[in-house]
Amino acid sequence: MSILKKINIGFILTPGFRPADVIELDAVFRFHPRNKVFYLSEDSHSKIYGKSGMGMVSDTSFEDCPKLDVLVVGEMDDSAFFNESLLSFIVKQSHQAQYVIGISNGVKLLYQAGVLSQQQVTADRRTLEDLKTSDLRLVDERRFVRDGKFITSGPSTGAIEAAFFVFDQFRSTWLTKFTEFTLEYDAHIQFPLKKEIILDKPLDLKALNVGVLTTPGLYLPDIMGAVDVLGSLPNAKFYYLSNEKGTSNSIINFGAQVISDTTFDECPQLDVLIVGATHPRYVSNERVIKFILKQEKKAASVISVCAGTFIIGATGLLRGRNAATNYHQVSDLPMIGAKIAGKEVECDGKFMSAGPAVGSYEVGLKAVEVLAGKEWAQYIEHEVLEFSPNPLYGTNPRNASKSILSVTHFASFFLKRIYRPFIKKGLAIGKS
1 MSILKKINIG FILTPGFRPA DVIELDAVFR FHPRNKVFYL SEDSHSKIYG KSGMGMVSDT
61 SFEDCPKLDV LVVGEMDDSA FFNESLLSFI VKQSHQAQYV IGISNGVKLL YQAGVLSQQQ
121 VTADRRTLED LKTSDLRLVD ERRFVRDGKF ITSGPSTGAI EAAFFVFDQF RSTWLTKFTE
181 FTLEYDAHIQ FPLKKEIILD KPLDLKALNV GVLTTPGLYL PDIMGAVDVL GSLPNAKFYY
241 LSNEKGTSNS IINFGAQVIS DTTFDECPQL DVLIVGATHP RYVSNERVIK FILKQEKKAA
301 SVISVCAGTF IIGATGLLRG RNAATNYHQV SDLPMIGAKI AGKEVECDGK FMSAGPAVGS
361 YEVGLKAVEV LAGKEWAQYI EHEVLEFSPN PLYGTNPRNA SKSILSVTHF ASFFLKRIYR
421 PFIKKGLAIG KS
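In the UniProt record's numbering, the protein residues as written are 1 to 432.
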């Protein structure tokens, strides 16, 4: 297949869906300009709210959807199983698609729709239990399983790796490795278990207020992992923050529109603040800087991912602290007074930082350890998210090809030139 051929990829949005199953996989597919992504619902341009109260905007209806090359059926609310138009859409597109990715109970939905029968599949443990009486050949595997055009997985890493696999089938191995490298998909289990056991759910916790910076021009994968992790805690209340309420576009339209439901002025005191990469203008945005300085005083945890570290750093709060960011900008950490310790996740007091995309999961798990204890962190990692990275190629700075490193150095040069003026301006605002 030509690596330049246009590929149509569809993600289904229904009330109560798991946003991570859309945003994390979308991040992989976006690395080829000829991959066309559709966000699908019964009616186009609908606001659909998923887990953790995260709202996204669909752009295409089931009826208007073109033939898909890849259909992604992620985790959904139980009501989806009684939606006849959804089931009919899945049947139609599954027959036409070259690949169908089923994630968690999305595997059960594919079975209910009648497109799965006798295939070897995996899913999250709860779904595997539900499918015990089916004719499917079940595998309790914390990585994706392929049977023909059907690729099934549990949540988080298994689903992301399914996307890398499909991307690799359509595009070149070099580009897949470059995508792994740029998304820094070289993750590790944060809280290993000494032996394979099923953990019991710990005792419930007090309610937590979690704020997520969702200004226009954000990069969604940088916030998504931490939201997925912290949303696994009981009684977590999420606030999606911007100057104004409304929809926020992803940076250079590199992802879906999300809904900001809370302004900085009306936001209550937060226990946790999550900041990912955004348009660099927010590094020097006075309202953002003052909001962070106000919230930080009583917050238990301040999480920054990728270039989001420079937004937190512009306040002066990371001066003298260890911090992490992306490969491209790590050498600029001293500009904000932060120390480079060389770890993929840095925790220095209440300030926690990591590299992009999957790093959001890793730092989110570290935050749970601080907020709720190691038992909760282990339970979420192993039982809820089934977080178990098995990269397709494991591309990182130590093993990347010279060509990948050359492209990265070129991109780093321009990224730093773009960000540095905003960092300097932001630091001046933070001091005032």
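The C-beta atom is built at its ideal place from N, Cα and C for all residues, glycine as well.
Buried/exposed call for residue i, threshold 16 Cβ in 10 Å
{"i": "Leu40", "result": "buried"}
{"i": "residue 444", "result": "No answer is possible for residue 444: the residues shown for the chain start at 1 and end at 432."}
{"i": "Arg417", "result": "exposed"}
{"i": "Gln269", "result": "exposed"}
{"i": "Asn235", "result": "exposed"}
{"i": "Glu369", "result": "buried"}
{"i": "His328", "result": "buried"}
{"i": "Val229", "result": "buried"}
{"i": "Phe144", "result": "buried"}
{"i": "Val107", "result": "buried"}
{"i": "residue 433", "result": "Since the first and last residues shown for the chain are 1 and 432, residue 433 lies out of range."}
{"i": "Val288", "result": "buried"}
{"i": "Leu203", "result": "exposed"}
{"i": "Val91", "result": "exposed"}
{"i": "Gly50", "result": "buried"}
Rounded straight-line distance, which links the Cα of residue j to that of residue i
{"i": "Phe178", "j": "Lys206", "result": "42 Å"}
{"i": "Lys294", "j": "Ser432", "result": "14 Å"}
{"i": "Thr173", "j": "Phe414", "result": "25 Å"}
{"i": "Ala80", "j": "Ile404", "result": "42 Å"}
{"i": "Tyr111", "j": "Lys339", "result": "51 Å"}
{"i": "Ile189", "j": "Thr157", "result": "10 Å"}
{"i": "Thr122", "j": "Ser153", "result": "5 Å"}
{"i": "Phe387", "j": "Lys343", "result": "19 Å"}
{"i": "Tyr219", "j": "Ile312", "result": "16 Å"}
{"i": "Ile429", "j": "Gly53", "result": "32 Å"}
{"i": "Ser285", "j": "Tyr419", "result": "Here residue 285 turns out to be Asn, not Ser, going by the sequence shown. If I take the Cα positions, the gap works out to 13 Å."}
{"i": "Asp222", "j": "Val210", "result": "15 Å"}
{"i": "Glu375", "j": "Tyr282", "result": "36 Å"}
{"i": "Glu296", "j": "Asp59", "result": "36 Å"}
{"i": "His45", "j": "Gly10", "result": "15 Å"}
{"i": "Ser242", "j": "Met335", "result": "26 Å"}
{"i": "Lys298", "j": "Val345", "result": "23 Å"}
{"i": "Leu183", "j": "Ala357", "result": "6 Å"}
{"i": "Lys350", "j": "Pro280", "result": "24 Å"}
{"i": "Ser88", "j": "Ala113", "result": "7 Å"}
{"i": "Asn253", "j": "Thr133", "result": "43 Å"}
{"i": "Ser406", "j": "Tyr185", "result": "19 Å"}
{"i": "Ala400", "j": "Ser412", "result": "16 Å"}
{"i": "Val37", "j": "Arg126", "result": "29 Å"}
Close beta carbons around residue i, own chain, < 6 Å, minus the five adjacent residues each side
{"i": "Pro216", "result": "Ser248, Asn249"}
{"i": "Tyr240", "result": "Val212, Thr214, Ser260, Asp261"}
{"i": "Tyr393", "result": "Lys177, Glu180"}
{"i": "Thr309", "result": "Ala323, Thr325, Ser353"}
{"i": "Gln93", "result": "Leu68, Leu71"}
{"i": "Asp147", "result": "Gln119, Gln120"}
{"i": "Gln96", "result": "Lys67"}
As assigned by DSSP and simplified to three states, the class of residue i
{"i": "Glu346", "result": "strand"}
{"i": "Gly246", "result": "strand"}
{"i": "Gly320", "result": "coil"}
{"i": "Asp69", "result": "coil"}
{"i": "Met335", "result": "helix"}
{"i": "Lys51", "result": "helix"}
{"i": "Ile3", "result": "coil"}
{"i": "Gln93", "result": "helix"}
{"i": "Leu136", "result": "coil"}
{"i": "Gly102", "result": "strand"}
{"i": "Glu211", "result": "The question names Glu, yet the displayed sequence has Gly at residue 211. In the structure shown, Gly211 sits in a strand (DSSP, three-state: E or B)."}
{"i": "Val115", "result": "coil"}
{"i": "Tyr393", "result": "coil"}
{"i": "Ile429", "result": "helix"}
{"i": "Ser260", "result": "strand"}
{"i": "Ile189", "result": "coil"}
{"i": "Lys177", "result": "helix"}
{"i": "Thr60", "result": "strand"}
{"i": "Met76", "result": "coil"}
Presumed contact (8 Å Cβ cut-off) between residue i and residue j, rounded CB distance
{"i": "Val272", "j": "Gly359", "result": "That belief does not hold up - the Cβ atoms of Val272 and Gly359 are roughly 16 Å apart, past 8 Å."}
{"i": "Tyr99", "j": "Ile48", "result": "Tyr99 to Ile48, Cβ: 23 Å. No contact."}
{"i": "Gly255", "j": "Ile23", "result": "7 Å"}
{"i": "Asp69", "j": "Ile12", "result": "In fact, because the Cβ distance is near 15 Å, the residues do not count as touching under 8 Å."}
{"i": "Ser232", "j": "Leu385", "result": "7 Å"}
{"i": "Ala226", "j": "Val363", "result": "6 Å"}
{"i": "Asp140", "j": "Leu128", "result": "6 Å"}
{"i": "Phe191", "j": "Ala377", "result": "5 Å"}
Sequence-distant residues of its chain with Cβ nearer than 8 Å to residue i (five each side left out)
{"i": "Gln118", "result": "Asp135, Leu136, Arg137"}
{"i": "Asp265", "result": "none"}
Close-in-space but distant-in-sequence residues of the same chain around residue i (CB under 7 Å, 5 per side omitted)
{"i": "Glu42", "result": "Ser61, Phe62, Ser85"}
{"i": "Asp124", "result": "Ser104, Gly154, Pro155, Glu386"}
{"i": "Leu4", "result": "Arg34"}
{"i": "His382", "result": "Leu193, Leu199"}
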